[in-house]
Amino acid sequence: MPTTKKKPSKIVAKARTTSAPKEKSFSREGIPMYIGILLLVLGIILGFGFHALFFPPEIIVQPPAVPLGPEPIALDLTIVIHPDCKLCSNESSLELLLTEREKKANVTLVDATTPEGADLVQSLGIDSFPTTIVNTVEFKDADAALFATLQTKFSIVNNSLVLPEKDLMLQTKIPAGYMLKEIPGGVACELPENKVLVWEFGDLLGNATYNSLPSVSALLALNRDTNEIEYDFKYLYSSNSDSESVAIADACSKSFGVFETYHRGILERWHSLQLPTWNWVEQLAVAEKVGLEDLTGFQSCVEDQDPL
């Protein structure tokens, strides 16, 4: 049988040709969009630049204070003075007390020898200088607590609280830098010298105590002898004999270890009763008042030294 030869099949392997992706050409149609974006960015940058150039930011050196409460009311004080009685730094005890209580005060000084001052003296019954006058309504609005305390201790005339300085000092705890004395005519005024003694009593400043006051502490710390005490009391009481008796009583009380309490009792007793003289009988009464245990020994001490 004849053999039929098959023609070998031609397998043509076609090489795969992978063509690289065609790069997109820069479209002319997109140029306006690109230019627009560029101009927008440039405009924003230039806008901020010109604003910073012509409108610089405000420099705040100190931030504005935020008020914590209503502004305190400034209380108007009228102080009637006498030519022979000058106030130290033109301040009254009330002004110092208001300052301590963080209150404001506007002070007007009126000379008692002028027509205006003479009218105030007559209408308000002023008999000592300096005297502070304050409107009761304004005082109550400015410091109701202080007004409530002082109105029970001082007179109110024509809607004005009349505060003689010689009495006001006894009701406050502000250590005064000056003492009062009597001048001819019975007018009370202050001495120009600064002294360490104080007259102040009362409870207007809360927990402050007598012996903690700077001037009293200074007096006690110096541990003064009789002569030095006498010198201070001479200015305080304006009488050599009285100051000598007081100094003796102080010296005796110091020897009995009760100087602080007795010293305070002296001031309280003297000013509350306005004693015309100061003798050992009154000293004994004060010693009894402050609770001195050995009254007999104290009396003997005073009698032995009292020249009166």
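For what it's worth, the numbering used here labels the leading residue of the sequence shown as 1149, then goes sequentially. Don't be surprised by glycine CBs; every beta carbon is placed ideally from N, CA and C.
Same chain only: Cβ atoms within 7 Å of Phe1287, ignoring 5 sequence neighbours per side: Leu1223, Phe1295, Leu1309
Cβ-Cβ distance between Thr1280 and Leu1246 below 8 Å: In this structure, Leu1246 does not lie closer than 8 Å to Thr1280 by Cβ.
Whole-angstrom distance between Leu1316 and Lys1301, CA atom to CA atom: 9 Å
Beta-carbon spacing of Ile1229, Asp1259 below 8 Å: yes
Cβ-Cβ distance between Ala1253 and Glu1243 below 8 Å: yes
Whole runs of the beta strand (DSSP E) within the region 1233-1298, excluding any shorter than 3 residues: 1252-1259, 1279-1283
Inter-residue Cα distance where the pair is Ser1240 and Val1269: 17 Å
Residue burial classification, Ala1290 (beta-carbon count within 10 angstroms, cutoff 16): For Ala1290, the number of other beta carbons within 10 angstroms of its own is at least 16, and it is reported as buried.
Whether Asn1307 touches Leu1272 by CB criterion (8 Å): no
Distance between Leu1225 and Thr1284 (C-alpha atoms, nearest Å): 11 Å
Rounded C-alpha distance that separates Leu1194 from Leu1186: 12 Å
Whole-angstrom distance between Leu1298 and Asp1275, CA atom to CA atom: Taking the straight line joining both Cα atoms gives about 19 Å.
Proximity of Pro1231 and Thr1261 at Cβ, strictly below 8 Å: yes
Beta-carbon proximity list for Ser1389, same chain, < 6 Å, skipping 5 on both sides: In this prediction, Ser1389 has a pLDDT of 44, which is less than 50 and means its spatial position is unreliable; what the coordinates show is noted afterwards. If we look at Ser1389 and ignore the five residues flanking it on each side, it has no Cβ neighbours.
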